[in-house]
Structure formats: C-alpha cells, structure tokens
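Asker: The sequence shown begins at 420 in the numbering used here and counts up by one.
Yeah, the Cβ is synthetic: ideal placement off N, Cα and C, and Gly gets one too.
Just so we're clear, the structure is a prediction, and the values are computed from it rather than from any experiment.
Shown below is the structure under consideration.
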Amino acid sequence: MRERAVSGTSEGPAPAADLDRPVVTESEIDTSPRTEPPAHPPYRSVFTAAPLAMAVVDREGMVVSANDSLGALLGTAPDELAGAVAADLVDLTADARTWHAYREVLRGRQSRLRCTRRLKHPDGHSLWVQVTVAPLPAEDKAVLLTVADISSRRELQARLRHLQMHDPVTRLPNRTLFFERLSAALEAESYEQSGTGRIGLCYLDLDGFKAINDTLGHRVGDRLLAAVAERLTRCAEEAGQARPSIPLVARLGGDEFALLVEDSTGTEQLAELAESVLEAIQDPFDISGQRLSVSASIGVVERHAAGTTPTALMQAADTTLYWAKADGKSRWTLFDPERNAHRMTRQALASTLRPAIDRGEFQLEYQPLVGMEDDRLHGVEALIRWNHPQFGVLTPNRFIGLAEEDGSIVPLGRWVLRTACRQARRWQLDHPDEPPIFVSVNVAVRQVWDSDLVADVAEILAETGLAPHLLQLELTESAVMGSAGRPLQTLKALSDMGVRIAIDDFGTGYSNLAYLSRLPVSVLKLDGTFVRGFQYDDRDSTATRPNPADEVVVEAMIQLAHRLGLTVTAECVETSDQATRLRRIGCDTGQGWLYSRPVPPDRISELLGTPGVQAGVGNP
C-alpha cells in the first residue's frame, strides 16, 4: 500500500496528481545547500552507494554532485568534486571531436557520449576509464556522467594484442604490426610535421635456410630464426644510435624479415644498414651444438614518403629482393626505377601477348636471302613484328622470349608459319615466269615439344599449296645440336617431307661437328660475329685489319659444310667487301643490309625479276 505523501493538511487523501510522485518523508528532506543530484529522492541512496563512479553535471559543465565511487576513483573526496569542471576531471578536452560531442550533449542536441580516457591518479599510477555522458530528465537540467575503470580490461587487451602482433618464434613484430607501422609512417601527418619526409626498407630472406630446416628439422630452424632476429635487432639498435628512431625489425613470415627506417636520410643510410646486416648474418651460428652458416639477400628501397603506398613500397622491395637473388645471392641490391620499368613493361607484354594474336596485332616483314654468285633473290626470312597499341612496333627480341616462357609461342609460331607460307605461294602465283623463292621461318624448341609440328607443317603446306622444298625452318644451334628423342624425330620427319632444316647462328654454340653429320640439316647460317670480321677495305691503308685467322675459320666451316652436302648462308652482310670475300671462299647465300633491311611483302615483289639485288635496292 502506497504511503501518503507529506502535505499541507492532515486530513483527506493526497491530490490525484500526486499519486504517481515518489514518496518523501520529512526525515528525508534535506535543507542543506544543493550538493546532491537533482534526481528524485528515492534514488539518492542508490546514487551514493552505487559501485559505479557517477556525477551529476549541470548544463554549464559543472559538477553538481559526485558519489563516493567517483571520489575513490579520482582520489578526491566527493564533496571536493562539487563545483569542479567535469571535463577537466576526465580529460574531455583532449581532442576537438570529443570536446564538441560533449558540449552537444550538454546542450541537449546529442543523446549520448562515450569515450575512453587515460587518467593520472594522485598517487602516481595511471588508469584507463570509459566515460559516458547522458542527459537526465529535462526538468533536472543536468546530465549524468559515469566513469568505469577498465584498466584490467585494457591490460588484457594489450596482452592479447601483443600476442596477436608479435611472432612467437622470434618475438619480433609480425606482418600485421609491420604493415600497421608502415601505413602510419606513410600518412601525411607523420612526415609533413617533422622528419625528413623519406622512408627506407631493407627486405631480406635467408639463403640456404630451407636446406637447414628440411635436413635438421623445424626446431633447429626456429632456433636459427630466433638467433637471426637477435642479430637483426642488434644491427637496428646500432643503426639507431644518434638518430631520432630505431629501425623497426619484423618477421614477415618464413625466413623473410624487414627493417623499416622512418625518416631515413637517404640511400647511404640504407646501404650502411644493409651492409651491417649482411656482415652480421654471415658469421656462423651455434645452434643446438651445431655450427650453421647462412647468408642473406636484401632488397633495399629508399624514397620520398609522399605519394608512396604500403603496397607500392613492398612491391618495389620484393622486386629488388628478387634481383639480389638473381644476381648471385648473399648481397644487397638497391631498387632501380629504370630496371623496374623494364620489368613492368615485360609483364605488360606478357599479359597481353596471347590476346594480341587473336586481335591481329602481329605482322611479318621479309629480309632477302641473296645468291653470292648471281646476286639474285633466292629466298626470304620471315621476321615477325608486334604492332603494340601502347609501345609501338616491337621486334622479336622484345617478346619472343616471353612467348616461349608462357607457351604462347605455339599459336604465335603457327600463325607465322601459315602467314609466311601463304605469302610465299602468293609471290609464286604473281610471278609465274620467275624461279620460285623459298621462305625461311624461325621455329622455337617449345614448338617441337608442345605441339605436333610435323602435322602443323603438313596441314599448312596443303592449305596454302606451297611445295615443301620452298619452306625452310630455322632452329638455333643450341636447340638442334644434341637433339634426341622427339626433337630429332620431328626434324627427320620434316626433312623426309622435303622441308629444309637450317641451323641458325651457327658457330656460337658448342658445334658438335661429328653429331652434325647425323642430323637432317640442309643449311648452316653463319652467325654475324664471324661476318663482321670481314668488314675492312683494301683501299684504306690506315684501316685496322682483323686477324687473318677469322677468314681461315669461316672458310674451313664453309668447306666442311659443303663436304657434308650443306649450303651456307652468311648473316649480317653489310658491305660489298664482305660479300666479295665471302664469295671468294665459297659462301652460297648472303643476308644483310647490303641487300635489304626487313621489308613488307610488296617490296619483295618489286625485287622479283630484277637482274640483281644490289646495295640499297631492297631498302625502303
């Protein structure tokens, strides 16, 4: 049963309007100055005894009343907190965003504020608290401020974060923490306010670690990684002496480590750090009673922080580490933008090569093969060009290696073969009164392995109507010499079909002459380095003459080829003196700028039927 409220009369029930109001007895009425919360009286005891630290704050931000828990938390008597500026007690002015939100709550324009603050207790220790500010009923014209001590929770979170952000084997920062630090270092506020505005990175992995890990076990491998981490940390500490900060050492995974240098002073600083790391790691390690030796390869990147992203920096470091490995390991290599641009171009070409075949971006040019005795056009070599939409016209040395790596050489080679044979047949039909010329097409070894070259050639010859003896396939000396199994069977099958087989760049490899006699080869193409030895003028008495042995060697190769029933083509013929000497020692055909540069098919049509292909006639 509800007690009656104290009223001005002693008789009669309380007014109906008062029935829902809290009961206040005379003994509860406080006539002292207003230091208690303007809450309804029954809740006053709850406010005072609550274990949660609380204070009532007026709309001006002044503490009206604080409970014992808040006094204990802040190390001040509750009575002394009355009249204090609440924002100062819990550091709400530390940042503009929180201060603005707090004032909005005081003005009634925001419903709640919650934030975390680190406070200093009068006895010297620090504590983390969660501060909540929420409005009280409108008639109270105040807000309730609560402060919860979350120090234990923060400590647990800190321990968990440390475990999450550090490698358990080496106790170094792991990949997650490394990228967090790297991202922070590349934020504009970090480098614009102070420092050099530059950043450096040494990205390394261990040479020979996998062998140790596989043979001696992961326990020994882990101990070795921990020992490496100690040496890297020591190098970082030494490098950080007399500098604003010590480089961050992190293990990114496996045997990969990184040393991040914020506010670097230039490549010299990074080079010194890399040198010290190499030297430190090269000293043997004593692990579990065994003396182990490893080395490191390091990619070094140093640049302006502005405009750099974590992804770009790590890509550059990874590329540079690859260069260090490729250059021989146990070394550091500095990032080279020009070298990287070449790599990026190569990657761009590789990614668009296959689609370019379907888009028809390739074309063939033809370079004449001229008889030394009659100066007439005997054949042409088909040379591919890539009309790249971004990089312009590309010669084979820019993309054939890529095509061989990714296997696109097979469809590309098939296209070249079909296009060249079709063109050779067209010349034959357009000039029926002239002896037909043969077309020479380069073939990569991978075409032999990854496709049925014999079937492809047979199909294309049948499709185009070109006679087999008018097709010559060129393979490099290194590809042909020592061939066995399928490659040799393919060459023999093509030769039996009537197709000519030529060895390109002859004389640059090991030239197993005994084996040469058993190969189904019909033509040797002498490498241009031999022909250049003939480039001198008898009329110029001041010209430096080459070693006469050069001519003797070429003459001996030509005679040997003739004894084996082979014909010889000399590449890179550029002067009439070269042609004269080659003719004198029995060379059969010549190819080079003396006769013509590679030209479109219509230029070859103009040469057919001419009495002789002389210097400059075939040049565009």
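Report the option in Arg526, Arg590 and Gln549 whose CA atom is closest to the CA atom of Ser571.
Answerer: Comparing Cα positions, the closest option is Gln549.
Asker: List, from N- to C-terminal side, the alpha helix (DSSP H) runs of 4 residues or more that fit wholly inside the stretch 695-769.
Answerer: Qualifying alpha helix (DSSP H) stretches, in chain order: 729-745.
Asker: Tell me where the alpha helix (DSSP H) around Met584 begins and ends.
Answerer: Residues Ser570 to Met584.
Asker: List the residues that DSSP assigns as beta-bridge partners of Asn539.
Answerer: Just to set this straight, residue 539 is Lys in the shown sequence, not Asn. Paired residue(s): Ser545.
Asker: When the Cα of Glu687 is compared with those of Cys621, Gly747 and Ala645, which residue comes out closest?
Answerer: Of the candidates Cys621, Gly747 and Ala645, the one whose C-alpha sits nearest the C-alpha of Glu687 is Cys621.
Asker: Leaving out five residues on either side along the sequence, give the residues of the same chain with a beta carbon under 6 Å from the beta carbon of Arg710.
Answerer: These residues qualify, in order along the chain: Pro703.
Asker: Which two residues bound the contiguous alpha helix (DSSP H) that contains Ser484?
Answerer: Counting along the chain, Ser484 falls outside any alpha helix (DSSP H), though it belongs to the beta strand (DSSP E) covering Val482 to Ala485.
Asker: Would you mind sorting Gly1048 into buried or exposed? The rule is 16 or more other CB atoms within 10 Å of its CB.
Answerer: Nothing can be reported for residue 1048, as the shown portion of the chain is limited to 420 through 1039.
Asker: Can you round the beta-carbon distance between Gln782 and Arg1016 to whole angstroms, since I take them to be within the 8 Å contact cut?
Answerer: Going by Cβ atoms, the distance from Gln782 to Arg1016 rounds to 15 Å, so no, they are not a contact pair.
Asker: From Ala410 to Glu574, what distance separates their C-alpha atoms?
Answerer: Since the displayed the chain opens at 420 and closes at 1039, residue 410 lies outside it and no answer follows.
Asker: Give me the DSSP bridge partner(s) of Cys621.
Answerer: Bridge partners of Cys621: Leu678 and Val719.
Asker: Could you spell out where the alpha helix (DSSP H) holding Ala646 opens and where it closes?
Answerer: Where Ala646 is concerned, the enclosing alpha helix (DSSP H) stretches over His637 to Gly659.
Asker: Terminal residues of the continuous alpha helix (DSSP H) containing Ser834?
Answerer: Position check: residue 834 holds Trp in this sequence, whereas Ser was assumed. Looking at the DSSP string, the run of the alpha helix (DSSP H) that includes Trp834 is Ile828 to Asp849.
Asker: On the three-state DSSP scale, how would you describe Gln786?
Answerer: It is a strand residue.
Asker: Buried or exposed: which applies to Val425, given that a residue is buried once 16 or more other Cβ atoms fall within 10 Å of its Cβ?
Answerer: For Val425, the predicted structure reports a pLDDT of 33, less than 50, and the residue's modelled location is therefore unreliable. A value from the coordinates is still provided. It counts as exposed.
Asker: Cβ of Asp624 within 8 Å of Cβ of Leu753?
Answerer: Cβ atoms of Asp624 and Leu753: not closer than 8 Å.
Asker: What first and last residue would you give for the alpha helix (DSSP H) that runs through Arg1000?
Answerer: That run of the alpha helix (DSSP H) goes Ser995 to Arg1003.
Asker: Can Gly1005 and Val992 be called in contact, C-beta distance under 8 Å?
Answerer: No; because the gap between Cβ atoms is not below 8 Å, this pair is not in contact.
Asker: Expressed to the nearest angstrom, what Euclidean distance is found between the alpha-carbon atoms of His797 and Glu893?
Answerer: Near 16 Å, if we compare the C-alpha coordinates of Glu893 and His797.
Asker: Tell me which same chain residues have a C-beta within less than 8 Å of the C-beta of His1052, skipping the five on either side of it?
Answerer: Because the chain spans 420 through 1039 in this model, residue 1052 falls outside it and cannot be assessed.
Asker: Using a Cβ-Cβ cutoff of less than 8 Å, which residues in the same chain neighbour Thr512 once the five nearest sequence positions on both sides are dropped?
Answerer: Cβ neighbours of Thr512 beyond the five flanking positions: Ala506 and Trp518.
Asker: Ordered along the chain, which non-local residues of its own chain (more than five positions away) have a Cβ less than 6 Å from that of Pro456?
Answerer: Bear in mind that the predicted position of Pro456 carries a pLDDT of just 48, short of 50, making it unreliable; the figure below should be weighed with that in mind. So the list reads Phe466, Val475 and Ser484, once near-sequence residues are dropped.
Asker: Tell me Pro554's beta-bridge partners as DSSP assigns them.
Answerer: Pro554 is bridged to Val562.
Asker: Which residues mark the beginning and the end of the alpha helix (DSSP H) in which Gln866 is found?
Answerer: Gln866 -> alpha helix (DSSP H) spans Val864 to Asp869.
Asker: Tell whether a beta-carbon distance below 8 Å holds between Val588 and Asp626.
Answerer: In this structure, Asp626 does not lie closer than 8 Å to Val588 by Cβ.
Asker: Using a Cβ-Cβ cutoff of less than 8 Å, which residues in the same chain neighbour Arg837 once the five nearest sequence positions on both sides are dropped?
Answerer: Once the five neighbours on either side are set aside, the close Cβ partners of Arg837 are Ile879, Glu882 and Thr883.
Asker: How is Val476 classed by DSSP in three states: helix, strand or coil?
Answerer: It is a strand residue.
Asker: Where does Asn861 fall in DSSP's three states?
Answerer: Correct three-state label for Asn861: strand.
Asker: Please classify Met791 as buried or exposed, where buried requires at least 16 other C-beta atoms within 10 Å of its C-beta.
Answerer: Under this definition Met791 is a buried residue.
Asker: Which word fits Glu445, buried or exposed, when buried means at least 16 other C-beta atoms lie within 10 angstroms of its C-beta?
Answerer: Annotation note: pLDDT 31 at Glu445 (below 50); position unreliable, no value reported.
Asker: So, are the CB atoms of Ile828 and Arg865 less than 8 Å apart?
Answerer: Going by C-beta atoms, Ile828 is nearer than 8 Å to Arg865.
Asker: Looking only at its chain, what residues have a beta carbon closer than 6 Å to the beta carbon of Ala921, apart from the 5 residues adjacent to it on each side?
Answerer: Result list for Ala921: Gln891, Glu893, Val942 and Lys944, in chain order.
Asker: Looking at Asp510 and Arg526, is the spacing between their C-beta atoms short of 8 Å?
Answerer: Going by C-beta atoms, Arg526 is not nearer than 8 Å to Asp510.
Asker: Checking contacts by CB at 8 Å: is Asn759 closer than that to chain B?
Answerer: Absent here is chain B; the protein component of the structure consists of one chain.
Asker: Could you say which of Gly619, His581 and Leu635 lies nearest to Ala725 if we only look at CA atoms?
Answerer: Selected option, being the one with the closest Cα: Gly619.
Asker: Is the separation between the beta-carbon of Asn806 and that of Glu780 shorter than 8 Å?
Answerer: Cβ atoms of Asn806 and Glu780: closer than 8 Å.
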